[in-house]
Amino acid sequence: MNFQHNISRLKALLPASNEYEPDLVRLINVRSFEECTRNEVRYKIMALIARGVSTASAIANDIGIGRTAVYRHLNIMERSGFVVHHNNRYYVAARLFLVYDVGIDSDGTIKIKVFCDRGGFVDGELGFVLVKGPYCKCEVCDLYEQCLAAVKRLAKKLDVVIRSEHPLQAFKEIVTAIAQRDVVNLIKRGYLVLRMETD
1 MNFQHNISRL KALLPASNEY EPDLVRLINV RSFEECTRNE VRYKIMALIA RGVSTASAIA
61 NDIGIGRTAV YRHLNIMERS GFVVHHNNRY YVAARLFLVY DVGIDSDGTI KIKVFCDRGG
121 FVDGELGFVL VKGPYCKCEV CDLYEQCLAA VKRLAKKLDV VIRSEHPLQA FKEIVTAIAQ
181 RDVVNLIKRG YLVLRMETD
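Numbering (UniProt numbering), first residue to last: 1 to 199.
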């Protein structure tokens, strides 16, 4: 598979902005991911930013909370790698978010595990789609059909065939396919940048 084709598929997930060019894929540490995703306000903020609401005051007005609280949430989201602050505006940091954990084998080899059931992506209709893995309650979710449609749109953009009609299972199929097909090739041909949360 052509390396440029791998990149163009991932770039198609989020339209380019004149203001900020998001990363293709960001791997978010599982602890940071869960800390951010269990908070409903942070999810609402992420969805608004994905729809183009990019200032703290506009976010505060839309959600109905104070700007100080919004800044506190945005600061945590920026440190965790979900958003970037650029020219006094906030942007979604990547086209696709995957979740990882790291461990060391008995022989001292560092292993990076990518969770296929967790992550997030920007969707034109829903804003930001967050897949929470074991915390997803698809069976009782009011957005089941919309989420499934968003996951199908993601699969189409990434040129992945999915078989499941269950949003979480379909997302797992997508992550497994692109991790093996695109992400591994990008890592082999590119490089990794490690960033830490700082206080």
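Glycine residues also receive a C-beta, built at the ideal position from the N, C-alpha and C atoms.
| field | Straight-line gap, Met-77 to Arg-42 (C-alpha atoms, nearest Å) | value | By one-based count along the sequence shown, residue 77 stands at place 77. By one-based count along the sequence shown, residue 42 stands at place 42. Their backbone Cα atoms lie some 8 Å apart in a straight line.
| Sub-8 Å separation of Glu-173 and Ile-162 beta-carbons | To locate residue 173, count along the sequence shown from 1; it is residue 173. To locate residue 162, count along the sequence shown from 1; it is residue 162. In contact: Glu-173 and Ile-162 (Cβ atoms closer than 8 Å).
| Among all the DSSP beta bridges, which residues are the ones paired with Phe-121? | Here residue 121 refers to the residue found at position 121 when the sequence shown is read from its first residue. DSSP lists Leu-96, Val-129 as partners of Phe-121.
| field | Proximal residues to Arg-195 (C-beta, below 8 Å), its chain only, five neighbours per side dropped | value | In the sequence shown, the residue the question calls residue 195 occupies position 195. Closer than 8 Å at the Cβ level, and outside the excluded window around Arg-195, lie Gly-81.
| query | What did DSSP end up calling Asn-87 once you bin it into helix, strand or coil? | reply | Here residue 87 is taken as the residue at index 87 of the sequence shown, counted from 1. DSSP, reduced to helix, strand and coil, places Asn-87 outside both helices and strands of the structure shown, so it counts as coil.
| Counting Cβ pairs, one atom from each stretch, are 3 or more of them under 8 Å apart for the region 80-99 and the region 33-52? | yes
| message | Quick test of the definition: if touching needs 3 or more C-beta pairs under 8 Å, does the region 146-155 touch the region 124-135? | response | yes
| query | With respect to the alpha helix (DSSP H) encompassing Asp-23, which residues constitute its N-terminal and C-terminal limits? | reply | On the sequence shown, residue 23 is found 23 positions in, with the first residue counted as 1. From DSSP, Asp-23 is part of no alpha helix (DSSP H) but of the beta strand (DSSP E) over 23-29.
| Val-84 vs Tyr-20 beta-carbon contact at 8 Å | Your numbering for residue 84 matches position 84 in the sequence shown. Your numbering for residue 20 matches position 20 in the sequence shown. Yes, Cβ-Cβ distance for Val-84 and Tyr-20 is below 8 Å.
| Residue nearest to Val-151 in terms of C-alpha spacing, selected from Asn-87, Gly-120, Gln-180 | Along the sequence shown, read from residue 1 onward, the residue named residue 151 stands at position 151. For Val-151, the nearest C-alpha among the options comes from Gly-120.
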